[in-house]
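Chains as they are written, first to last, in the working numbering: chain A, 1 to 417; chain B, 1 to 257.
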């Protein structure tokens with residue numbers, strides 16, 4: 001396609017990147033169509049493990065999109081205005097994360113053509129209903145919050161300057177949108193944990209702290225991912241202009257957050273042993289000694305919390321770009337591992353309903369179609385973000401929009417960079 | 001720009017009032033929320049006598065025929081449950097039709113719901129296939145239609161003829177206490193649990209009479225009497241789901257007889 005458009009094709013790293021992403025997207029699209037055609041029978045999901053890789057991607061992308069609400073709340077509600085450029089990036093990351101989650105869900109549900117039923121038929125008792133409604137509403141908020149970012153599209157500014165100006169003016173309402181975002185996100189980020197936490201049939205999940213763990217991990221992971229992609233794009237392209245002082249300060253803050261997250265996660269795991277509850281202790285053993293031991297001890301605990309905590313709190317490491325990026329990436333990966341471990345372990349430990357029968361175990365390994373479509377969802381996220389960096393000035397700390405305090409704003413002139 | 005005159009405080013106030021009104025309206029119109037256990041005139045229940053169950057699986061086959069169930073799926077599953085004085089004991093497990101059913105509470109679209117008579121029903125046309133009910137069910141009573149059930153049902157006609165539509169691909173399905181037989185029987189003036197045509201297929205098919213079905217509100221029904229005269233238990237009773245399927249534990253003397 002590109003060859004037809006350009007007579008002289010120069011293979012720049014950017015084009016190679018787009019090519020790889022395009023390949024992943026096309027394979028995933030094919031796999032996704034296969035899922036819609038053949039049904040979920042071609043996945044490795046079973047009646048014992050009905051929530052697999054896709055749900056983990058859904059949980060993870062919502063978690064990693066949480067930088068948007070936390071940073072917007074910090075900037076617009078708690079008055080940390082100088083971090084506004086980072087909140088801007090986070091908003092875009094959030095928009096991508098939530099659309100990724102929606103894509104994963106559409107693949108996962110058995111009747112994708114009925115997705116709108118949750119908006120019509122309300123079961124206010126259902127955590128999943130609450131999460132669905134909040135995600136839909138919050139996605140709308142994110143769209144509004146992203147309007148000033150999308151208004152940076154060169155084409156839009158030139159062709160439809162009035163619309164671009166209108167979109168930019170949405171920025172006036174940033175504090176209000178931040179309130180909505182904070183409310184909706186606090187609801188659904190924690191309810192996502194409660195979705196598991198209320199399941200009394202599975203003692204490994206059945207505990208009130210699930211909500212808090214999900215909320216906490218989302219804030220830590222979401223901010224970390226935003227900072228990581230910001231730094232990464234500033235290394236890869238001159239389109240991204242960053243103010244390293246801001247990033248370093250937020251990274252320092254993430255270091256402190258990690259102490260709290262580590263304490264809470266470790267306490268939660270250890271407190272599981274206080275009582276013997278059939279199924280709960282077995283789940284913990286799955287994590288600490290069983291097939292998830294590497295994930296739990298190494299990916300979640302050591303690399304996901306302790307190591308980045310040290311790197312981000314120890315000044316020489318934090319001020320070093322490489323180590324700061326390593327730390328931030330590890331935090332995000334650790335949060336994904338937490339979601340995966342929680343989601344899968346709870347299903348692999350099978351509770352007997354016959355009294356006195358022993359606890360049994362099952363296994364789950366995602367099938368190729370699940371992996372290909374999952375990869376495509378991630379590729380979509382990466383592509384969207386890189387396009388945003390290139391064309392929408394998503395990572396541009398020189399673009400400080402202070403106008404939101406003053407009421408009047410001029411219709412933006414087309415800016416040529 | 002007049003919108004600018006709304007300050008943050010007013011905005012919060014307006015939002016709060018709006019939310020409160022919306023919530024209040026819902027609360028008033030939704031008094032039959034999913035958390036309430038139903039209290040109709042009749043309350044169907046099933047009693048399974050483990051002393052009599054021989055694990056023959058006739059119940060499962062009759063169920064598969066009458067409800068046109070995919071042979072890969074068992075609404076009623078017969079599970080081994082240890083031995084009593086050398087005899088193998090079984091737990092036949094239909095849907096428990098819980099009074100506080102986790103599946104009903106978690107369903108995001110109210111596709112699972114209570115009937116007034118206590119039957120936990122599935123609206124297969126409303127279900128979006130998210131499988132949260134499967135995650136929540138403590139009894140593994142739900143099976144997902146990973147693919148469409150096409151072709152012949154091997155249980156038909158030997159074990160009965162289908163009385164309900166096949167479920168489409170992409171929704172979970174489960175035992176319905178043969179609501180179609182109960183409803184049709186009642187409309188014909190029959191008594192479920194007494195007249196075979198008004199009684200769940202598994203109860204009718206049981207060759208040893210291990211299964212009973214009837215109205216808990218009727219003290220003369222077989223289930224009421226059986227529960228009055230015998231010790232009984234329910235599965236995972238500690239969860240507080242209030243199953244409507246009761247088991248009479250196997251007793252060695254009864255099994256010798």
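Beta carbons are placed, not taken as given, at the ideal position from N, Cα and C, and that holds for glycine.
Let's test the definition: count the other Cβ atoms within 10 Å of the Cβ of residue 12 of chain A and tell me whether it reaches 16, buried, or not, exposed. Within the first chain, numbered from 1, the residue matching residue 12 of chain A stands at position 12. So residue 12 of chain A ends up on the exposed side.
With residue 248 of chain B as the anchor, note down where its beta strand (DSSP E) starts and where it stops. Here residue 248 of chain B is taken as the residue at index 248 of the second chain, counted from 1. Segment 245–248, the beta strand (DSSP E) holding residue 248 of chain B.
Any idea which residues DSSP pairs residue 350 of chain A with across the strands? By 1-based counting over the first chain, the position of residue 350 of chain A is 350. In the DSSP output, where bridge partners are listed per residue, residue 350 of chain A has A:360.
Residues that DSSP places opposite residue 121 of chain B in a beta bridge: Within the second chain, residue 121 of chain B is the residue found at index 121, counting from 1. Its beta-bridge partners are B:113.
Of all the alpha helix (DSSP H) runs that stay within the bounds of the region 38–113 of chain A, which reach a length of 4 or more residues? 53–64, 67–72, 84–108
So which of A:130, A:383, A:254 has the shortest CA-CA distance to residue 194 of chain A? Within the first chain, numbered from 1, the residue matching residue 194 of chain A stands at position 194. Ranked by Cα distance from residue 194 of chain A, the options A:130, A:383, A:254 are led by A:130.
For residue 152 of chain A, I'd like the list of residues in its chain whose CB is within less than 6 Å of its CB, leaving aside the five on either flank, ordered along the chain. Within the first chain, residue 152 of chain A is the residue found at index 152, counting from 1. Same-chain partners within the cutoff: 392, 393.
Would you call residue 114 of chain B buried or exposed, if buried means 16 or more other Cβ atoms sit within 10 Å of its Cβ? The residue given as residue 114 of chain B occupies position 114 in the second chain. By the 10 Å Cβ count, residue 114 of chain B comes out buried.
Leaving out five residues before and five after residue 148 of chain B in sequence, what residues of the same chain have Cβ atoms less than 7 Å from its Cβ? Here residue 148 of chain B refers to the residue found at position 148 when the second chain is read from its first residue. For residue 148 of chain B, where only same-chain residues beyond five positions count, the Cβ hits under 7 Å are 168, 169.
Looking only at C-alpha atoms, which of A:226, A:362, A:189, A:53 sits nearest to residue 283 of chain A? For the purposes of this step, residue 283 of chain A is taken as residue 283 along the first chain, with counting starting at 1. If we check each option's Cα against that of residue 283 of chain A, A:362 comes out closest.
Using only alpha-carbon positions, find the residue among A:48, A:209, A:389, A:260 that is nearest to residue 352 of chain A. Within the first chain, the letter at position 352 stands for residue 352 of chain A. When only C-alpha atoms are compared, the closest one is A:48.
From the DSSP output, which residues share a beta bridge with residue 390 of chain A? Along the first chain, one-based indexing puts residue 390 of chain A at 390. BP columns for residue 390 of chain A are empty, so no partner.
What residues of chain A sit near residue 75 of chain B, judged by a beta carbon separation below 7 Å? Position 75 of the second chain holds residue 75 of chain B. Simply none; closest approach about 12 Å.
Taking the straight line between their C-alpha atoms, what separation do you get for residue 224 of chain B and residue 191 of chain B? In the second chain, the residue the question calls residue 224 of chain B occupies position 224. In the second chain, the residue the question calls residue 191 of chain B occupies position 191. Between residue 224 of chain B and residue 191 of chain B, the C-alpha separation is close to 14 Å.
Quick one: which chain B residues come within Cβ less than 7 Å of residue 123 of chain A? As a working mapping, residue 123 of chain A is identified with position 123 in the first chain. Here the neighbours are 34, 107, 108, 109, 110.
Any idea which residues DSSP pairs residue 45 of chain B with across the strands? Your numbering for residue 45 of chain B matches position 45 in the second chain. B:214.
May I ask which residues mark the beginning and end of the beta strand (DSSP E) holding residue 88 of chain B? By one-based count along the second chain, residue 88 of chain B stands at place 88. Its beta strand (DSSP E) spans residues 87–93.
Rounded C-alpha distance that separates residue 263 of chain A from residue 269 of chain A: Along the first chain, read from residue 1 onward, the residue named residue 263 of chain A stands at position 263. Along the first chain, read from residue 1 onward, the residue named residue 269 of chain A stands at position 269. So the alpha carbons of these two residues sit roughly 10 Å apart.
Where the region 355–377 of chain A meets chain B: residues whose CB sits under 9 Å from a CB there: 355, 356, 357
Counting only beta-carbon separations shorter than 8 Å, does residue 91 of chain B have a partner in chain A? For this step, residue 91 of chain B is matched to residue 91 along the second chain. It does; some Cβ of chain A falls within 8 Å.
List the residues of chain B that residue 386 of chain A touches, going by C-beta distances under 9 Å, in chain order. By one-based count along the first chain, residue 386 of chain A stands at place 386. Chain B residues near residue 386 of chain A: none, gap ~32 Å exceeds 9 Å.
Measure the alpha-carbon distance for residue 110 of chain B versus residue 22 of chain A and round it to whole angstroms. Translated into the one-based positions of the second chain, residue 110 of chain B becomes position 110. Translated into the one-based positions of the first chain, residue 22 of chain A becomes position 22. Roughly 40 Å separates the two Cα atoms.
Report yes if the CB atom of residue 59 of chain A is closer than 8 Å to the CB atom of residue 52 of chain A, and no otherwise. Stepping through the first chain from its first residue, residue 59 of chain A is reached at position 59. Stepping through the first chain from its first residue, residue 52 of chain A is reached at position 52. With a cutoff of 8 Å on beta-carbon distance, residue 59 of chain A and residue 52 of chain A are scored as not near each other.
Residue 251 of chain A to residue 222 of chain A span [Cα, whole Å]: Numbered from 1 along the first chain, position 251 holds the residue referred to as residue 251 of chain A. Numbered from 1 along the first chain, position 222 holds the residue referred to as residue 222 of chain A. Rounded to the nearest angstrom, the two C-alpha atoms are 12 Å apart.
Give, in chain order, every residue of the region 131–142 of chain B whose Cβ lies closer than 8 Å to some Cβ of chain E. Looking for chain E here will not work: the only protein chains present are A and B.
Which residue or residues does DSSP assign as beta-bridge partners of residue 233 of chain B? Stepping through the second chain from its first residue, residue 233 of chain B is reached at position 233. For residue 233 of chain B, which the question treats as bridged, DSSP gives the partners B:247.
Taking residue 310 of chain A as the reference, give the member of A:31, A:73, A:259 with the closest Cα. Sequence index remark: in the first chain, residue 310 of chain A carries index 310 (1-based). Among A:31, A:73, A:259, the Cα nearest to that of residue 310 of chain A is on A:259.
Proximity to residue 230 of chain B [Cα-Cα], best of B:49, B:252, B:95: Taking the first residue of the second chain as position 1, residue 230 of chain B is located at position 230. Nearest of B:49, B:252, B:95 to residue 230 of chain B, Cα basis: B:49.
On the three-state DSSP scale, how would you describe residue 297 of chain A? Position 297 of the first chain, counting from 1, holds the residue named residue 297 of chain A. Of the three classes helix, strand and coil, the one that applies to residue 297 of chain A here is helix, per DSSP.
Any Cβ of chain B within less than 8 Å of the Cβ of residue 132 of chain A? Here residue 132 of chain A refers to the residue found at position 132 of the first chain. True, the Cβ-Cβ gap to chain B drops below 8 Å.
Round the Cβ separation of residue 177 of chain B and residue 75 of chain B to the nearest angstrom and send it over; I've been treating them as touching at under 8 Å. Here residue 177 of chain B is taken as the residue at index 177 of the second chain, counted from 1. Here residue 75 of chain B is taken as the residue at index 75 of the second chain, counted from 1. No, residue 177 of chain B and residue 75 of chain B are not in contact; Cβ-Cβ is about 10 Å, not under 8 Å.
For a contact defined as C-beta to C-beta under 8 Å, what are the partners of residue 102 of chain B on chain A? Within the second chain, residue 102 of chain B is the residue found at index 102, counting from 1. Within 8 Å Cβ-Cβ: 199, 200, 201.
Terminal residues of the continuous beta strand (DSSP E) containing residue 83 of chain B? Translated into the one-based positions of the second chain, residue 83 of chain B becomes position 83. For residue 83 of chain B, the enclosing beta strand (DSSP E) covers residues 77–84.
Count the C-beta pairs between the region 338–348 of chain A and the region 292–308 of chain A that are closer than 8 Å, then say yes if the count reaches three, no if not. yes
Anything in chain A within Cβ reach of residue 81 of chain B, meaning under 9 Å, just list it in chain order. Residue 81 of chain B sits at position 81 when you count from the first residue of the second chain. Here the neighbours are 354, 355, 356, 357.
Would a C-beta distance cut-off of 8 Å place residue 46 of chain B and residue 236 of chain B closer than the cut-off? Here the question's residue 46 of chain B lines up with position 46 in the second chain. Here the question's residue 236 of chain B lines up with position 236 in the second chain. No; because the gap between Cβ atoms is not below 8 Å, this pair is not in contact.
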